[in-house]
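**Q** Provided herewith is a single structure, encoded as structure tokens, for subsequent inquiry.
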Amino acid sequence: MTEGSQDVFGYLDEKEAGYLEELKEYLRIPSVSTDPEYKDEVLRCSEFLLEKLRTAGLEAEAIETDGNPLIYAEWMKAEGKPTVLFYGHYDVQPADPIDEWRNPPFEPTEEGDLLVCRGATDDKGQSFTHVKAVEALLETRGELPVNVKFLVEGEEEIGGHGIEKFVIEDAGNRLACDAVVVSDTSLFAPGQPSLLYGLKGLAYMEIKVTGPNRDLHSGTFGGAVANPGNALSQIIAQLQDPKTGKILIPGFYDDALPLESWEREEFAKLPFDEAAYSADLGVGELFGEEGYSTLERAWGRPTCDVNGIYGGYQGEGAKTVIPAWAGAKVSMRLVPNQDPAKIAGLFSDYIKEIAPPGVEVEVSDLHGAEPVLVDIQGPIADAAMDAQEQVWGARPVRIREGGSIPIVATFSKILNVPVLLIGHGLPDDRLHAPNEKFNISHFYKGIRTIVRLLDEVGESA
Ligand code: BES
Ligand code: ZN
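Remember, my numbering sits 2 above the position in the sequence shown when you count from 1.
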């Protein structure tokens, strides 16, 4: 009946340019969840999305949480057919460093096939493909091949717990479904789609080192007191072995699920060009844990990285001063079986143990996320791969990723259905960085992939 979704694809040929203009409106709302100054914009963004879901033909509502609202929507008229739950996030990362953007960060700008804007790929552009696929199906046929639900959150980028609480309390009632679909990741490479089966977890820590009760003249007092900047550097230097790249926190690797041999074999077969990868990143050579390839380190081994260091004189020229304090933010990316709370505890214990004399060291646990491996065997995952293959012209590869999407582990546990991580982005999308982009052709192909997926799931049932 659906003839490979051609009816809807024809409709999309006419409509997609207009959909792009709607995406631009969505992107113009600076829904930065990390910064309380943007609270009103985050709310405005949730209302925008709510309206778009209603216009698409769904019943939609905002659900209050302790933080930013969740947006829930559904269309449940395909009796006897499976239900697909779409997840996405409408919040975005801050734009800074602002000076490095070619255009204003919240003014979507077309540069050839690229749409450059904060949130373009992560995740507004990607999750908008879900909305527009459903809208195009309903406009063309007046019905959907399956039932659909949407749950879109506004605190993904800050590891907010509102959605987790909602999913746990709901316990699969309202959210009952046969599969969850997430588009917040990327293809493996241009033209090479992927279905992800693993995401890392996270333990995000802050270290604060305090010394004298005020900044001191570094000549008058140098040599007399411990310098918090020096002390912090000594601590950081003891996190990782400079030669082997191993993390030195005792017990850090104890629970880490080792990569299985089939995974190492499959990763090794992927077309991955180390030279092109280093050149793209502008580094002379790559570095990481001894004994593992770059993809194994990035996808399947736990890591520990400084995300920022602050303290002391940062202005122009030289100011001679011993800072009263210094600090660092450190993220540890975790693999399955590592528990974020336990790892945070090991980190704190170790930092306290190696803290140099003469300074106070305080460690706090800012937030965490659980690592996850999802099951991608079975008819629904096959339908997802078929849909991707038909749109991109290549069979998807099964891969893992180093990023985190905190709610995925909860979906997997509570809903107990396959979670399909179908990304439409590209590895060079610059998420979280200046000049974030989403290829316009990927926005269009993403919509088609979702249309095809829903048709495939409907036909398979
Ligand atoms: N879209 C990313 C997750 C991602 C990035 C998956 C790269 C695969 C590859 C998501 O929006 C994100 O950035 N998540 C945060 C979560 C954290 C704040 C708990 C992350 O990974 O840093
Ligand atoms: Zn992100």
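Note that CB positions come from ideal geometry on N, CA and C, so glycine has one too.
Which whole-angstrom value is the C-beta distance of residue 221 and residue 67, which I expect to be below 8 angstroms?
**A** In fact, because the Cβ distance is near 53 angstroms, the residues do not count as touching under 8 angstroms.
**Q** Over the uninterrupted beta strand (DSSP E) stretch that includes residue 91, give me the two end residues.
**A** 85-91 is the extent of the beta strand (DSSP E) around residue 91.
**Q** Near the ligand ZN, which residues have their beta-carbon less than 6 angstroms from any of its heavy atoms, given in chain order?
**A** Answer in sequence order: 95, 124, 159, 433 and 434.
**Q** Spatial neighbours of residue 3 within its chain, please: C-beta separation below 8 angstroms, excluding the five flanking residues on both sides.
**A** Confidence at residue 3 is low in this model, with a pLDDT of 44, below 50, so the placement of that residue should be treated as unreliable; the coordinate-derived value is given next. Closer than 8 angstroms at Cβ, skipping near neighbours: no residue.
**Q** Relative to the C-alpha of residue 114, which candidate in 433, 447 and 443 has its C-alpha closest?
**A** For residue 114, the nearest C-alpha among the options comes from 443.
**Q** Do the segment 426-440 and the segment 184-197 meet, that is, are 3 or more Cβ pairs less than 8 angstroms apart?
**A** Output reads yes: the segment 184-197 touches the segment 426-440.
**Q** For residue 349 versus residue 251, is the C-beta spacing smaller than 8 angstroms?
**A** A contact, by the Cβ cut-off of 8 angstroms.
**Q** For residue 396, tell me which candidate among 192, 42 and 50 has the shortest Cα-Cα distance.
**A** Checked all of 192, 42 and 50; the closest Cα to residue 396 is 192.
**Q** Closer than 7 angstroms to a non-hydrogen atom of the ligand BES - does that hold for the CB of residue 187?
**A** Result yes, Cβ under 7 angstroms from the ligand BES.
**Q** Give me the Cα-Cα distance between residue 206 and residue 401, rounded to the nearest whole angstrom.
**A** One C-alpha to the other measures close to 24 angstroms.
**Q** If you reduce the DSSP assignment to three classes, tell me which class residue 3 lands in.
**A** Low per-residue confidence applies at residue 3: pLDDT is 44, beneath 50, and the placement is therefore not dependable enough to give any value.
**Q** Please classify residue 255: does DSSP put it in a helix, a strand, or coil?
**A** It is coil, neither helix nor strand.
**Q** So the candidates are 284, 457 and 463; which of them puts its Cα closest to the Cα of residue 143?
**A** The residue with the shortest Cα to Cα distance from residue 143 is 457.
**Q** Are the CB atoms of residue 11 and residue 73 nearer to each other than 8 angstroms?
**A** No, the Cβ-Cβ distance between residue 11 and residue 73 is not below 8 angstroms.
**Q** Classify residue 77 as buried or exposed, calling it buried when 16 or more other Cβ atoms lie within 10 Å of its own Cβ.
**A** Flag for residue 77 reads buried.
**Q** Could you check whether the segment 100-118 touches the segment 156-171, counting it as contact only if at least three pairs of C-beta atoms, one from each stretch, sit closer than 8 angstroms?
**A** Too few Cβ pairs lie closer than 8 angstroms, so no.
**Q** Please name the residue, chosen from 303, 373 and 211, that lies closest to residue 247 on a Cα-to-Cα basis.
**A** The shortest Cα separation from residue 247 among 303, 373 and 211 belongs to 303.
**Q** So with Cβ pairs under 8 angstroms, would you call residue 416 a contact of chain C?
**A** Going by chain labels, chain C is absent from the structure shown, which holds only one protein chain.
**Q** Any idea which residues DSSP pairs residue 194 with across the strands?
**A** Note: residue 194 sits in a beta bridge opposite 191.
**Q** List the endpoints of the continuous alpha helix (DSSP H) containing residue 369.
**A** Taken as a continuous stretch (DSSP letters only), residue 369 belongs to no alpha helix (DSSP H), being part of the beta strand (DSSP E) at 362-371.
**Q** Could you compute how far the alpha carbon of residue 242 sits from the alpha carbon of residue 333?
**A** Between residue 242 and residue 333, the C-alpha separation is close to 13 angstroms.
**Q** Need the endpoints of the alpha helix (DSSP H) that residue 415 sits in, please.
**A** 409-417 is the extent of the alpha helix (DSSP H) around residue 415.
**Q** Smallest Cα separation from residue 178: which of 420, 433 and 460?
**A** Answer by Cα proximity: 420.
**Q** Answer yes or no: the CB of residue 436 versus the heavy atoms of the ligand BES, is any distance below 7 angstroms?
**A** Result no, Cβ not under 7 angstroms from the ligand BES.
**Q** Rounded to whole angstroms, how far is the Cβ of residue 148 from the Cβ of residue 86, which I believe are closer than 8 angstroms?
**A** With 8 angstroms as the limit, residue 148 and residue 86 qualify as a contact, their Cβ atoms being about 6 angstroms apart.
**Q** What does residue 328 pair with, by DSSP beta-bridge criteria?
**A** In DSSP, residue 328 forms a bridge with 211 and 313.
**Q** Using only alpha-carbon positions, find the residue among 452, 462 and 461 that is nearest to residue 182.
**A** Answer by Cα proximity: 452.
**Q** Are the beta-carbon atoms belonging to residue 369 and residue 161 less than 8 angstroms from one another?
**A** Yes, they are a contact pair.
**Q** If you draw a straight line from the alpha carbon of residue 257 to that of residue 33, how long is it in whole angstroms?
**A** Rounded to the nearest angstrom, the two C-alpha atoms are 37 angstroms apart.
**Q** The ligand BES and residue 201: does any heavy atom of the ligand fall closer than 7 angstroms to the residue's C-beta?
**A** Yes, the Cβ of residue 201 comes within 7 angstroms of a heavy atom of the ligand BES.
**Q** Would a C-beta distance cut-off of 8 angstroms place residue 335 and residue 404 closer than the cut-off?
**A** Yes; because the gap between Cβ atoms is below 8 angstroms, this pair is in contact.
**Q** For residue 96, which residues of its own chain have a beta-carbon under 7 angstroms away from its beta-carbon, when the five flanking residues on both sides are left out?
**A** Within the same chain, residue 96 has close Cβ partners 34, 36 and 37.
**Q** What residue range does the beta strand (DSSP E) around residue 181 cover?
**A** Here the beta strand (DSSP E) through residue 181 covers 181-184.
**Q** Does DSSP put residue 219 in a helix, a strand or coil?
**A** Residue 219 falls in the strand class under three-state DSSP.
**Q** Does any heavy atom of the ligand BES sit closer than 7 angstroms to the C-beta of residue 204?
**A** Yes, the Cβ of residue 204 comes within 7 angstroms of a heavy atom of the ligand BES.
**Q** Look at the alpha carbon of residue 380 and the alpha carbon of residue 459, and state the distance between them as a whole number of angstroms.
**A** Distance between the alpha carbons of residue 380 and residue 459 is about 12 angstroms.
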